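A.B. asks: Protein sequence lines correspond, in order, to chains R and L. Just so we're aligned: the first sequence equals residues 30 to 384 in our numbering. Just so we're aligned: the second sequence equals residues 30 to 384 in our numbering.
There are 2 protein chains.
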Amino acid sequence: MPTANESSALVSTPVTEKKLARILLDGHGGDGAPDVVLDGLQRVMASSSKKVKFGVCGLVEVLEPALKARGLEKLVEIVPATEVIEMCDAPAVAVRRKKQSSIHVAARAVRDGDWDAMVSAGNTGALMAISKLILKTLPGIDRPAIASMIPAVDGGTFFLDIGANVDCSSEHLVQFAVMGSCYLQAAEGVESPRVGLLNIGSEETKGTDVIKVTAARLRESNLNFIGNVEGTDLFSDKVDVVVCDGFVGNVSLKTMEGLANLMLGTIKQELTSTLVAKTGALLARKALKRVKNALHPSEHNGAPLLGLNGIVVKSHGGADAHAYACAIDVAQREVEADLITRTIEAMNTMAEASV
Amino acid sequence: MPTANESSALVSTPVTEKKLARILLDGHGGDGAPDVVLDGLQRVMASSSKKVKFGVCGLVEVLEPALKARGLEKLVEIVPATEVIEMCDAPAVAVRRKKQSSIHVAARAVRDGDWDAMVSAGNTGALMAISKLILKTLPGIDRPAIASMIPAVDGGTFFLDIGANVDCSSEHLVQFAVMGSCYLQAAEGVESPRVGLLNIGSEETKGTDVIKVTAARLRESNLNFIGNVEGTDLFSDKVDVVVCDGFVGNVSLKTMEGLANLMLGTIKQELTSTLVAKTGALLARKALKRVKNALHPSEHNGAPLLGLNGIVVKSHGGADAHAYACAIDVAQREVEADLITRTIEAMNTMAEASV
């Protein structure tokens with residue numbers, strides 16, 4: 030668990046009262062839309078007693094029958110859009126050419142204050158580009174970042190940027206640290222998140238020039254900066270937020286995904302290789318199921334796009350209904366904790382401290 | 030398995046006859062030296078019928094009794110050194126101040142042709158710096174790289190650079206591709222290794238400027254370049270050599286190490302959580318042991334330092350005797366396949382092709 034750090038200005042940010050969330054889902058994008066989206070929504074509505082207003086954005090002729098089939102037509106509002114961005118669309122082209130897409134319409138609805146947050150399983154590049162164009166970044170933040178909660182010994186580590194920015198200056202990385210720290214405080218209730226900078230060694234002499242300058246700036250900041258961390262530390266209980274550029278973060282995240290699949294595949298293969306092993310696996314199936322659940326990416330679905338003047342959550346394109354429900358939950362927590370206001374306040378404090 | 034690529038100049042490199050290997054081990058460095066080193070050596074000597082001359086380099090007063098205790102004093106030559114580089118020594122300082130260290134002495138012995146290869150579990154930074162200073166790089170190669178074989182669906186993927194060079198130009202990355210390709214051909218007998226460039230997407234538009242330029246140069250080279258690959262592909266059967274800079278490679282490798290430990294730890298914990306699970310785990314223990322063996326880094330121990338004018342293999346500092354034996358095996362295969370000559374030839378072919 031995080032250590033208290035009374036000197037951190039972030040601790041003093043008052044926790045605002047929880048708001049009623051109005052969450053708009055992108056009815057398109059991802060492998061199984063709109064079914065996965067609505068099945069995920071149905072799970073959230075069935076399991077939670079919270080008062081949340083839900084909407085789904087997209088082609089009325091597709092969404093209306095899908096909602097009716099689930100008996101949700103009176104509970105969930107349709108926000109009409111007339112275009113759909115495909116996974117194969119180039120983000121830059123989709124931004125300019127499909128201005129009536131469900132992502133554009135949803136982002137404008139969030140910008141205009143009609144909805145508090147949007148969730149999309151669509152094309153990541155397009156989602157990021159459109160969100161940035163329509164919602165803009167928060168004051169003091171140059172670039173939004175995509176973050177992900179990854180499994181760790183103590184439950185999870187918040188990791189960013191995982192792919193939005195391939196080249197980052199130390200200024201960008203410091204902003205990511207503030208954004209990540211605010212998210213953990215607001216959405217997860219971590220009092221003074223321990224921030225680490227991803228590097229190839231813990232010593233101050235290690236890494237690129239950008240990393241060395243970033244570390245120096247973070248040491249002087251009012252964040253709870255614990256120094257450089259390595260790839261192994263991502264899964265440890267010694268750090269809460271790990272910051273890196275989007276190239277390194279994306280490679281690291283996809284390394285995890287690839288290795289997890291290889292390991293789970295090997296386990297399955299070996300456990301069905303002999304009758305004795307099969308019997309053992311049958312007896313241990315609940316335990317093995319827990320292993321898979323604890324480590325599987327779908328349990329950590331819902332990647333927040335941070336630094337924007339509006340709440341946007343990306344669901345994995347291959348998410349199932351359960352995983353999609355996790356992404357909705359992330360959006361809901363961000364709204365309830367008023368993440369945007371808290372991030373603005375933290376950026377202000379940071380700016381005042383560096384004057 | 031790799032696809033044949035008849036246009037590749039690498040394929041035409043003749044396989045030289047296997048040489049008698051003379052391998053010198055660093056008797057110091059790593060967690061359990063010299064015991065782990067000599068126990069590893071003993072395993073190699075017991076299991077192989079190959080004629081190999083082995084030596085161990087270091088403090089005579091330490092190595093002599095350790096060899097005698099194993100009955101190896103007449104089979105293994107001691108190459109005396111009077112200093113030892115500690116894991117905590119700064120590489121730059123160790124290079125200059127400890128010129129009689131076991132790493133210095135062993136590197137000079139390889140340079141002078143008294144030994145064909147050296148293996149060390151010592152301080153990686155010092156090993157790289159001293160090897161580069163004493164052995165120099167091969168013609169046409171600016172910087173050596175450290176490589177590692179990582180587990181994959183088809184047995185393994187050869188991955189470099191894993192930490193020697195934090196900043197790399199496209200020229201460096203192209204050289205790494207040649208070095209990695211030669212290694213797989215020579216040491217593993219892969220006819221035309223499929224080379225991939227680690228990126229955050231397979232499309233040509235993805236990645237940093239350095240990555241885009243590197244991809245263009247690799248497409249024009251005579252290597253069997255398959256294009257950009259992602260972190261997930263490292264564990265697949267679609268690529269044999271994956272190239273990246275040392276920052277990204279080190280983070281990716283340590284991400285694997287951290288996740289593997291988390292997963293194996295979670296499995297162990299869950300499988301001992303209830304009596305039924307325990308019984309199941311007992312029945313499935315052989316299968317689970319095979320999973321661990323297939324994926325555990327120690328099975329892939331022995332990271333070649335490539336691009337040097339001499340064969341140097343780094344063993345993991347925490348290697349046990351079995352893992353250390355794997356590192357000796359890597360050195361032996363490099364010598365037998367005459368990796369140095371083959372790399373020089375490949376670099377020449379590359380230079381001729383680009384004229």
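Beta carbons are placed, not taken as given, at the ideal position from N, Cα and C, and that holds for glycine. Since we're looking at a predicted model, the values are computed, not measured.
Show which residues of chain L have a CB atom less than 7 angstroms away from the CB atom of R:PRO180.
C.D. replies: For a Cβ distance threshold of 7 angstroms, residue set LEU291 of chain L lies close to R:PRO180, ordered along the chain.
A.B. asks: Would the beta-carbon of L:LEU104 be found less than 6 angstroms away from any heavy atom of the ligand MG?
C.D. replies: Here there are no bound small molecules, and the ligand MG is not part of this structure.
A.B. asks: Quick check: what's the CA-CA separation for R:THR284 versus R:ILE179?
C.D. replies: 12 angstroms
A.B. asks: Name, going along the chain, the residues of the stretch 318 to 338 of chain R whose beta-carbon falls closer than 8 angstroms to a beta-carbon of chain L.
C.D. replies: Flagged, chain order: ARG319, VAL320, ALA323, LEU324.
A.B. asks: Flag L:ILE191 as yes if its beta-carbon sits less than 7 angstroms from any beta-carbon of chain R, otherwise no.
C.D. replies: no
A.B. asks: Around the C-beta of R:ASN251, are 16 or more other C-beta atoms found within 10 angstroms, so that it is buried, or is it exposed?
C.D. replies: buried
A.B. asks: Taking only the alpha-carbon atoms, compute the straight-line gap between R:ALA193 and L:ALA382 and give it to the nearest angstrom.
C.D. replies: 37 angstroms
A.B. asks: Verify whether the separation of the beta carbon atoms of R:VAL320 and L:GLU299 is less than 7 angstroms.
C.D. replies: yes
A.B. asks: Would you check if there are 3 or more beta carbon pairs closer than 8 angstroms linking the stretch 155 to 165 of chain L to the stretch 354 to 367 of chain L?
C.D. replies: no
A.B. asks: Show which residues of chain R have a CB atom less than 8 angstroms away from the CB atom of L:GLY309.
C.D. replies: THR308, GLY309, ALA310, LEU311, LEU312, ALA313, ARG314, ALA316
A.B. asks: Using DSSP with H/G/I as helix, E/B as strand and the rest coil, what is L:LEU49?
C.D. replies: coil
A.B. asks: Would you check if there are 3 or more beta carbon pairs closer than 8 angstroms linking the stretch 249 to 266 of chain L to the stretch 223 to 231 of chain L?
C.D. replies: yes
A.B. asks: With 16 other CB atoms within 10 Å as the buried threshold, where does L:ASN338 fall?
C.D. replies: buried
A.B. asks: Please tell me whether L:ALA123 has its Cβ less than 7 angstroms away from any Cβ of chain R.
C.D. replies: no
A.B. asks: Return the residue from the list L:ALA216, L:LEU324, L:GLY287 that minimises the CA-CA distance to R:THR295.
C.D. replies: L:LEU324
A.B. asks: With a CB to CB cut of under 8 angstroms and the five nearest residues on each side skipped, what residues in its chain are close to R:THR301?
C.D. replies: Answer for R:THR301: LYS307, ALA310, listed in chain order.
A.B. asks: Relative to the C-alpha of R:ARG72, which residue among R:ARG99, R:GLU93, R:ILE175, R:ARG246 is closest?
C.D. replies: R:ARG99
A.B. asks: Below 8 angstroms on the Cβ atoms is my guess for R:ALA123 versus R:SER130; work out the distance and round it to an integer in Å.
C.D. replies: 7 angstroms
A.B. asks: Within 10 angstroms of its Cβ, does L:LEU458 collect 16 or more other Cβ (buried), or is it exposed?
C.D. replies: Since the first residue shown for chain L is 30 and the last is 384, residue 458 of chain L is missing from the structure and cannot be characterised.
A.B. asks: Taking C-beta pairs closer than 8 angstroms, name the residues in chain R that L:GLY260 reaches, listed in chain order.
C.D. replies: Those within 8 angstroms of L:GLY260 in chain R are ASN279, VAL280, SER281, LEU282, LYS283, THR284, MET285, GLU286, GLY287.
A.B. asks: Please list, in chain order, all residues of the same chain as L:ARG7 whose beta carbon is under 6 angstroms from its beta carbon, the five residues on each side excluded.
C.D. replies: Outside the displayed range of chain L (30 to 384) lies residue 7 of chain L, so it cannot be described from this structure.
A.B. asks: Taking 8 angstroms as the limit between beta carbons, can you name the residues of its chain near R:PRO173, skipping five residues before and five after?
C.D. replies: MET157, SER160, LYS161, THR166, ALA193, LEU334, LEU335, GLY336, LEU337
A.B. asks: What are the boundary residues of the beta strand (DSSP E) that includes L:LYS82?
C.D. replies: 81 to 87
A.B. asks: Out of L:CYS211, L:VAL359, L:GLY218, which one is the CA nearest neighbour of L:ILE52?
C.D. replies: L:VAL359
A.B. asks: Considering only C-alpha positions, which residue in the set R:ALA150, R:SER198, R:ILE114 is nearest to R:VAL242?
C.D. replies: R:SER198
A.B. asks: In the DSSP output, which residue or residues are listed as bridge partners for R:GLU106?
C.D. replies: R:GLY84
A.B. asks: Does R:GLU385 have its Cβ less than 7 angstroms from a Cβ in chain L?
C.D. replies: An answer regarding residue 385 of chain R cannot be provided, because it is not within the stretch 30 to 384 covered by chain R.
A.B. asks: Run through chain L and tell me which residues come within less than 7 angstroms of R:SER302, C-beta to C-beta.
C.D. replies: ALA316
A.B. asks: State the start and end residues of the unbroken alpha helix (DSSP H) segment that holds L:PRO120.
C.D. replies: L:PRO120 -> alpha helix (DSSP H) spans 120 to 126.
A.B. asks: Please tell me whether L:VAL239 has its Cβ less than 7 angstroms away from any Cβ of chain R.
C.D. replies: no
A.B. asks: What does the alpha-carbon distance come out to for the pair L:ILE114 and L:LYS297?
C.D. replies: 37 angstroms
A.B. asks: So, do the stretch 231 to 242 of chain L and the stretch 204 to 218 of chain L have three or more beta carbon pairs nearer to each other than 8 angstroms?
C.D. replies: No, because fewer than three Cβ pairs between the stretch 231 to 242 of chain L and the stretch 204 to 218 of chain L fall closer than 8 angstroms, the two stretches do not touch.
A.B. asks: Could you name the residues of the same chain whose beta carbon sits closer than 8 angstroms to that of R:VAL364, not counting the 5 residues immediately before and after it, in chain order?
C.D. replies: LYS48, ALA50, ARG51, ILE52, ASP145, ALA146, ILE340
A.B. asks: Name the DSSP beta bridge partners of R:GLY225, please?
C.D. replies: R:GLY256, R:VAL271
A.B. asks: Which same chain residues, not among the five before or five after R:ILE240, have their C-beta less than 7 angstroms away from its C-beta?
C.D. replies: So the qualifying residues of the chain are LEU226, ASN228.
A.B. asks: Please report the straight-line C-alpha distance between L:ARG248 and R:LYS315, rounded to a whole angstrom.
C.D. replies: Distance between the alpha carbons of L:ARG248 and R:LYS315: 49 angstroms.
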